[in-house]
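The numbering used here applies: residue 232 is where the sequence shown begins, and numbers increase by one.
Here is the structure we will look at, set down as structure tokens.
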Amino acid sequence: MALTQLQKNADKKFICPTCKNVLRKSDGDTLKVENGKVNMDSALPRYICDTCGVFYRELLHSGYYDVFDLPAEERQPVKKIISTGDIPPTQLKREADGKCPCPRCGERMDFVEAGPVQIVNGKPDFSNTMDHLNCPNCKSVFRKIAGTDYYQWSEK
């Protein structure tokens, strides 16, 4: 039994010690009877890492967590994020809600309207002076190529 003390990120959420992704919290299920005995562990909350395929359960409110393999039926498929070099310039059309699917991960991107130049740390910041699309899932930004209807991935 290997006990681990889980660390928290800036948002006060637990992160996986192996891959550093945010852990998904799963509240305890109902009590289950297995092999004629009541499984009390099924009622305890778990912190799940879908990337590594493991979950963490706290041991006696000590702040230390025991790691277990996640059963195959509980695993969520990990969405593949396409490399930025493999994304060609793409025409992106906003739907009625002002969002469109991200070419990199498939989640919904937000449209950010152009605004004035802002001063950040005493320097002008031109990053929001043109319309662009921002994906909250994979943190990608797509900016319009000048004079066309195509969008291309941008670093910031």
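The beta carbon of each residue, even a glycine, is placed where N, CA and C say it ideally should be.
Out of 298, 290, 284, 318, state which residue places its alpha-carbon closest to the alpha-carbon of residue 304.
284
Can you tell me the Cα-Cα spacing of residue 239 and residue 272, whole angstroms?
23 angstroms
At which residues does the beta strand (DSSP E) containing residue 278 begin and terminate?
277-280
Report yes if the CB atom of residue 296 is closer than 8 angstroms to the CB atom of residue 288, and no otherwise.
yes
From the DSSP secondary-structure annotation, give me the bridge partner or partners of residue 331.
340
Looking only at its own chain, which residues have a Cβ that is under 7 angstroms from the Cβ of residue 245, when we skip the five neighbours before and after it?
237, 239, 254, 278
Where does residue 351 land, buried or exposed, given buried means 16+ other C-beta within 10 angstroms?
exposed
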